[in-house]
Ligand code: AMP
Ligand code: GLY
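Numbering (the working numbering), first residue to last: 58 to 446.
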């Protein structure tokens with residue numbers, strides 16, 4: 058236990074248990090080279106090798122890769138290891154800039170103008186902090202639009218796209234409060250999202266395809282795993298915010314329950330290099346996922362308090378996250394606690410289901426009641442309409 062970031066330990070464990078397929082969930086083991094160790098031990102692995110996982114672990118690498126292969130998904134950006142030129146580039150960007158630590162920081166390394174940084178001086182202080190820590194960073198243009206996630210199964214050559222999903226990063230109702238790991242998400246029955254055009258979706262799909270191809274050319278080896286594009290639909294079309302080298306949380310809970318094909322077959326397709334998109338089907342249903350999180354989350358979450366899920370009527374779509382089971386009871390472990398996914402013909406029915414079930418979980422918790430409601434979805438549509446007019 059506790060050694061998931063140790064490649065040799067994971068490969069040994071897998072060997073001792075006659076493993077014939079491994080699926081890596083989080084980014085830590087990908088960055089540590091666990092996929093490399095598993096393949097070397099003869100165990101096929103869903104999840105890219107360390108070098109290809111840079112698509113998530115280094116924001117600068119990703120921006121440079123897309124630029125080199127002429128994939129027009131990036132905002133204006135520059136990479137830095139020291140303070141030279143930082144002030145000048147901030148002046149060039151004016152009020153619309155984002156500073157990103159160039160490595161994994163659990164979603165906390167990104168600071169956006171207007172949200173987390175309120176002046177060039179504050180931005181310079183943050184850059185200085187990163188330099189003092191020995192870090193490198195990226196400064197880029199702040200994009201204005203609506204974010205969505207498009208995940209694709211990838212076998213090194215072929216891709217099969219999942220339905221797009223919209224996550225909600227802010228802790229409180231109406232997209233206010235601090236950023237979180239994601240408070241909830243939704244997907245629609247038609248495998249589109251109400252605020253996107255068909256063009257937006259195919260653009261995002263083409264970016265994932267081009268990026269997988271670029272990775273293959275760059276490393277003479279294909280990317281095997283889930284390629285997760287975090288996109289934003291802007292006035293100038295779709296742009297890339299970031300890539301992840303894994304399934305999204307909560308996005309996976311929206312789309313995997315809709316997969317009508319055998320998940321094992323999909324995984325074997327990825328490792329064997331014979332994925333066929335036409336065999337990978339998703340039910341045409343709407344999904345709304347809501348997380349219940351500890352009071353005080355994310356800044357000062359309560360911990361160790363008991364929760365009670367016994368009033369949930371349909372346990373099938375209840376997902377445990379940061380919980381501890383002790384003596385037959387469940388306790389909050391300090392991060393996002395449990396999620397519930399409502400699945401129905403329409404978004405509003407799916408939302409009503411998720412809301413009723415997650416509300417029935419007892420304990421010092423809260424969730425966002427607005428995720429998936431028609432009012433919030435309409436706000437997204439109005440926003441994109443206003444910037445595209
Ligand atoms: P990341 O860790 O790169 O996903 O960034 C976290 C969040 O910061 C994203 O979900 C966006 O809301 C925001 N963000 C990152 N890059 C940009 C950008 N270039 N423009 C606007 N918002 C951004
Ligand atoms: N939903 C964001 C992530 O999984 O990183």
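Idealized CB from N, CA, C, for every residue including glycine.
With a Cβ-Cβ cutoff of 8 Å, do residue i and residue j count as a contact?
{"i": "residue 87", "j": "residue 68", "result": "no"}
{"i": "residue 192", "j": "residue 160", "result": "yes"}
{"i": "residue 248", "j": "residue 220", "result": "yes"}
{"i": "residue 235", "j": "residue 246", "result": "no"}
{"i": "residue 210", "j": "residue 283", "result": "yes"}
{"i": "residue 465", "j": "residue 270", "result": "Residue 465 lies beyond the residue range present for the chain, which begins at 58 and ends at 446; the question has no answer from this structure."}
{"i": "residue 64", "j": "residue 90", "result": "yes"}
{"i": "residue 302", "j": "residue 149", "result": "no"}
{"i": "residue 444", "j": "residue 202", "result": "yes"}
{"i": "residue 181", "j": "residue 143", "result": "yes"}
{"i": "residue 407", "j": "residue 343", "result": "yes"}
{"i": "residue 280", "j": "residue 330", "result": "no"}
{"i": "residue 196", "j": "residue 126", "result": "no"}
{"i": "residue 8", "j": "residue 423", "result": "Since the first residue of the chain shown is 58 and the last is 446, residue 8 is not available in this structure."}
{"i": "residue 355", "j": "residue 442", "result": "no"}
{"i": "residue 230", "j": "residue 426", "result": "yes"}
{"i": "residue 300", "j": "residue 186", "result": "no"}
{"i": "residue 217", "j": "residue 334", "result": "yes"}
{"i": "residue 398", "j": "residue 435", "result": "no"}
Within the same chain, show all residues whose beta-carbon is closer than 7 Å to that of residue i, passing over the 5 residues directly before and after it, in chain order.
{"i": "residue 420", "result": "362, 363, 364, 365 and 389"}
{"i": "residue 169", "result": "155 and 199"}
{"i": "residue 396", "result": "307, 310, 346, 347, 348, 376 and 378"}
{"i": "residue 111", "result": "118"}
{"i": "residue 71", "result": "79, 95, 98 and 100"}
{"i": "residue 109", "result": "272, 276 and 280"}
{"i": "residue 404", "result": "243, 245, 343, 345, 429 and 434"}
{"i": "residue 260", "result": "294 and 295"}
Quick one: Cα of residue i to Cα of residue j, how far?
{"i": "residue 120", "j": "residue 368", "result": "47 Å"}
{"i": "residue 314", "j": "residue 102", "result": "22 Å"}
{"i": "residue 123", "j": "residue 129", "result": "7 Å"}
{"i": "residue 66", "j": "residue 432", "result": "49 Å"}
{"i": "residue 417", "j": "residue 244", "result": "23 Å"}
{"i": "residue 166", "j": "residue 194", "result": "9 Å"}
{"i": "residue 97", "j": "residue 76", "result": "13 Å"}
{"i": "residue 251", "j": "residue 296", "result": "18 Å"}
{"i": "residue 336", "j": "residue 318", "result": "7 Å"}
{"i": "residue 61", "j": "residue 82", "result": "10 Å"}
{"i": "residue 400", "j": "residue 410", "result": "8 Å"}
{"i": "residue 79", "j": "residue 316", "result": "20 Å"}
{"i": "residue 384", "j": "residue 360", "result": "17 Å"}
{"i": "residue 327", "j": "residue 179", "result": "45 Å"}
{"i": "residue 382", "j": "residue 392", "result": "15 Å"}
{"i": "residue 253", "j": "residue 232", "result": "19 Å"}
{"i": "residue 322", "j": "residue 146", "result": "48 Å"}
{"i": "residue 173", "j": "residue 153", "result": "12 Å"}
{"i": "residue 139", "j": "residue 188", "result": "6 Å"}
{"i": "residue 294", "j": "residue 370", "result": "42 Å"}
{"i": "residue 274", "j": "residue 332", "result": "19 Å"}
{"i": "residue 256", "j": "residue 304", "result": "23 Å"}
{"i": "residue 157", "j": "residue 141", "result": "16 Å"}
{"i": "residue 134", "j": "residue 446", "result": "26 Å"}
{"i": "residue 415", "j": "residue 163", "result": "25 Å"}
Keeping to the same chain, check which residues put their C-beta closer than 6 Å to that of residue i; ignore five residues upstream and five downstream.
{"i": "residue 428", "result": "225, 241 and 347"}
{"i": "residue 267", "result": "128"}
In chain order, what residues of the same chain have a beta carbon less than 8 Å from the beta carbon of residue i, not counting five sequence neighbours either side?
{"i": "residue 380", "result": "364, 387, 388, 389, 390, 394 and 395"}
{"i": "residue 115", "result": "159 and 160"}
{"i": "residue 298", "result": "200, 204, 287, 288 and 289"}
{"i": "residue 358", "result": "350, 351, 352, 389, 391 and 392"}
{"i": "residue 184", "result": "137, 140, 143, 156, 194 and 196"}
Looking at the ligand NAP, does it come within less than 7 Å of residue i, judged from the CB to the closest heavy atom?
{"i": "residue 199", "result": "As presented, the structure is devoid of the ligand NAP, carrying the ligand AMP and the ligand GLY as its sole ligands."}
Exercise. Can you pull every residue whose C-beta falls closer than 6 Å to some heavy atom of the ligand GLY, listed in chain order?
Worked result: 224, 239, 301, 305, 306 and 308
Exercise. Which parts of the stretch 249-323 are runs of the alpha helix (DSSP H), unbroken and 4 residues or longer, counting only runs that do not cross its ends?
Worked result: 255-276 and 308-312
Exercise. Along the chain, which unbroken stretches of the beta strand (DSSP E) at least 3 residues long are found entirely within the stretch 156-189?
Worked result: 167-169
Problem set entry | Unbroken stretches of the beta strand (DSSP E), 3 residues or longer, contained in the stretch 314-376 | 343-351
Problem set entry | Minimum length 4: unbroken alpha helix (DSSP H) runs contained in the stretch 58-126 | 64-73, 84-89, 91-97, 111-114 and 116-125
Problem set entry | Contiguous beta strand (DSSP E) assignments of at least 3 residues, all confined to the stretch 370-412 | 375-377, 380-383, 386-389 and 395-401
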